[in-house]
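Novice:
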Amino acid sequence: MGAHVKIVLAAAAASALALGAAKAADLPTSKPAPPPPPTSCFASFYNWLSASAQDCPLTYMGITVYGQIDVGVGYSSHAGDFNRYYNNGVGELIAKYSRGSQFQLVPNGLSQTNIGIRGNEPLAPGWSLVFDVNTSFDPYSLQISNGPRSLVENNNVPLQFQNTNADSSRAGQWDNTRGYVGLSSSAFGTLTVGRETTFSNDAVFAYDPMSGSYAFSMIGNSSTYVSGVGDTETARYNTSVKYQIAYNNVRAGALWQFGGYGQGNGSNGAYQFDLGFDYAGFSMDAIYSYAKDAVVLSNYAANPLPTGVSQDDLKATLANINGVVLAGKYNFGDFKLFGGYENAHLSNPSDPYADGFSTLGDYTVLPGAANATAYTKNKILQVAWFGAKYALRPDLDIAAAYYWAGQNDYTDYAVAGTKPCGPNTTVVAPGYAPQGSNHSSCAGAIQAVSGMIDWRPYKRLDVYGGVMFSEASGGIASGFLHNTNIAPTAGIRLTF
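Take a look at the structure:
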């Protein structure tokens, strides 16, 4: 081997050694430090607020505690005074008792304050046990929601001195929102038994631009419209079986109420069917509803009470109800459009209950206090709404909506002494002008328009404000102290 070849080989070897040494210098001398563990959402109150209830549930051994607390303040041009038992607390929507203007504490403006427990326990592959128990209450008085109790509190109180009151499917039960147990299958759907919300009630939260808000939605404020398909007490079935199934983008359901008044129901039997779909940003549900001997409770405004009537007795109007609800929405990006329609026919009940009965909340309707002939000529209630919601930012929404409900003239002119519908001339209380038509069965309407802004500085906290204007006319306004109300409201809601 020549000397020059040795020199070349020596140089190549030196270069390889140098390159290897350089690469070795670049290699880590030890394993990298592991990344820090993720911070628990329960590490601080700030972390908990910043995590959503879905991302950070209060769950232990498969059981989740959940709920909302909603408090606020507001003003009404014609207010209904605060009632500690009534679901809404105050009257943002125009009603018979709405009178003078005032500033008020407003509970449950965005949604009903509530607490509940729920679970989904696996039983076998694709099968699980599901349950949900929820109770609503007033965040100021801490009283469990009880519409019939609000009526009883205003028995023998003249209209101009009554506070907010109305019938409701919530009557002080420990499970007044819902309480059910059932089985769920990934292939065969979900079957539940117990106290359940109707499909029409569920549709309000899905297809109302105000998500069923008491302060900003007419159909959220009163379950008579849509949720109960003409009767607030039929917005929930106390003893029922509910079946729901979905396949691809199509869903269907059936709901049956068995039992009657004695089992805490607002009717003597009821059922609903639901069919819906989702496609290309569009969602729609069609619901058929029937209720037998549906109850609407009312109080005695007479002072003193009639002979034989106690403070805890109530009056009732009964009806058989057939109705349909159509609701839809379209979602394109940050913008959503909502709308819906209800048509309900109320006829005289199958059973007159001339001897009285005990109804929701164990309040007594005395013999002769149940009106079973109010709908000899069928009442036709129609409801329509539309609105929009826009996400200005991921944490900031604005929404606006219009609501309308109207009834036909269902006055039975064959009844002795009944006058054809005309302007009301009866003064219901000193200092108040007559409102609406001369009878509540005359044709009439109620409408509302609203706007709202909802800011979520933290995932669990809503800060909101808005206003609702409502107006009643014709038979719906008959006997009212006033027929309009302007109600701005602002509040906060904490979700856990």
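Reading the sequence shown from the start, the letters are residues 3 to 498 in my numbering.
In this text, a Cβ means the ideal position worked out from N, Cα and C, and glycines have one as well.
Keep in mind that this is a model prediction, so the values were computed, not measured.
#1: What number of angstroms, rounded off, separates the C-alpha of A27 from the C-alpha of P34?
#2: What number of angstroms, rounded off, separates the C-alpha of Q164 from the C-alpha of I455?
#3: Measure the Cβ-Cβ separation of V73 and L107 and say whether it is below 9 Å.
#4: In three-state terms, what does DSSP make of Y392?
#5: State the Cα-Cα distance for the pair A12 and P40, rounded to the nearest angstrom.
#6: Going by the beta-carbon positions, is the gap between T226 and G268 smaller than 9 Å?
#7: Check whether the Cβ atoms of A254 and F284 lie closer than 9 Å to each other.
#8: What are the start and end residues of each continuous beta strand (DSSP E) run of 3 or more residues lying completely inside the segment 116-193, in chain order?
#9: For I221, report the span of its alpha helix (DSSP H) as first-last.
#10: Using only the alpha-carbon positions, how far apart do L483 and L161 sit?
#11: In the DSSP assignment, find the unbroken alpha helix (DSSP H) run with N410 in it and report its ends.
#12: Starting from D280 and walking both ways along the beta strand (DSSP E), at which residues does that stretch end?
#13: Using a Cβ-Cβ cut-off of 7 Å (strictly less than) and excluding sequence neighbours within five positions of A55, which residues of its own chain qualify?
#14: What is the DSSP secondary structure of G453, reduced to helix, strand or coil?
#15: With a threshold of 16 other CB atoms inside 10 Å of the CB of T137, please say whether the residue is buried or exposed.
#16: Where DSSP assigns a beta bridge to K317, which residues make up the other side?
#17: Closest to G261 by C-alpha separation, out of N251, V252, T491 and Y273, would be which residue?
#18: For K381, is the classification buried or exposed, using 16 other Cβ atoms within 10 angstroms of its Cβ as the cut-off for buried?
#19: To the nearest angstrom, how far is it from the Cα of G370 to the Cα of P354?
#20: Output the boundary residues of the beta strand (DSSP E) element that contains F337.
#21: Assign V367 to buried or exposed, taking buried as 16 or more other Cβ atoms, counted over all protein chains shown, within 10 Å of its Cβ.
#22: Please report the distance separating the alpha-carbon of P308 from that of Y302.
#23: Between G82 and S100, which are expected to be in contact by the criterion C-beta below 8 Å, what is the C-beta distance as a whole number of angstroms?
#24: Taking 8 Å as the cut-off, is the C-beta of N267 nearer than that to any heavy atom in the ligand ATP?
#25: Is the distance from the Cβ of M470 to the Cβ of T491 below 9 Å?
#26: For S300, which residues in the same chain have their Cβ closer than 6 Å to its Cβ, ignoring the five residues on either side in sequence?
#27: In three-state terms, what does DSSP make of N49?
#28: Between N158 and chain E, is the shortest Cβ-Cβ distance under 9 Å, so that the two count as touching?
#29: Tell me whether the beta-carbon of I117 lies closer than 9 Å to the beta-carbon of F133.
#30: Between the alpha carbons of N322 and S352, how many angstroms are there, rounded?
#31: Would you tell me roughly how many angstroms separate the C-alpha atoms of Q384 and A346, rounded to the nearest one?
#32: For S152 and Y466, what's the separation of their Cα atoms in angstroms?
#33: May I have the straight-line CA-CA distance separating C58 from L51, to the nearest angstrom?
#34: Classify D414: buried if its beta carbon has 16 or more other beta carbons within 10 angstroms, exposed otherwise.
#35: Roughly how many angstroms separate the alpha carbons of V206 and Y62, rounded to a whole number?
#36: Quickly, what does DSSP pair F284 with across the bridge? List them, please.
Specialist: Let me spell this out:
#1: Caution is warranted here: a pLDDT of 43 is assigned to A27, below 50, making its placement in the model unreliable, and the coordinate value is therefore given only provisionally. Taking the straight line joining both Cα atoms gives about 16 Å.
#2: 32 Å
#3: yes
#4: strand
#5: At A12, the pLDDT of 42 sits below 50, so the modelled position is not reliable; the number obtained from the coordinates is stated separately. Whole-angstrom Cα-Cα distance: 55 Å.
#6: no
#7: no
#8: 116-126, 129-138 and 180-187
#9: M220 to N223
#10: 8 Å
#11: Note, N410: premise wrong, no alpha helix (DSSP H); not H, not E.
#12: A272 to Y281
#13: Y68, R462, T497 and F498
#14: strand
#15: buried
#16: S300
#17: Y273
#18: buried
#19: 10 Å
#20: F337 to S349
#21: buried
#22: 8 Å
#23: 5 Å
#24: Looking for the ligand ATP in the displayed structure turns up nothing, as the structure carries no ligands at all.
#25: yes
#26: K317
#27: helix
#28: Looking for chain E here will not work: only one protein chain is present.
#29: no
#30: 7 Å
#31: 6 Å
#32: 27 Å
#33: 10 Å
#34: exposed
#35: 31 Å
#36: Y281 and Y332
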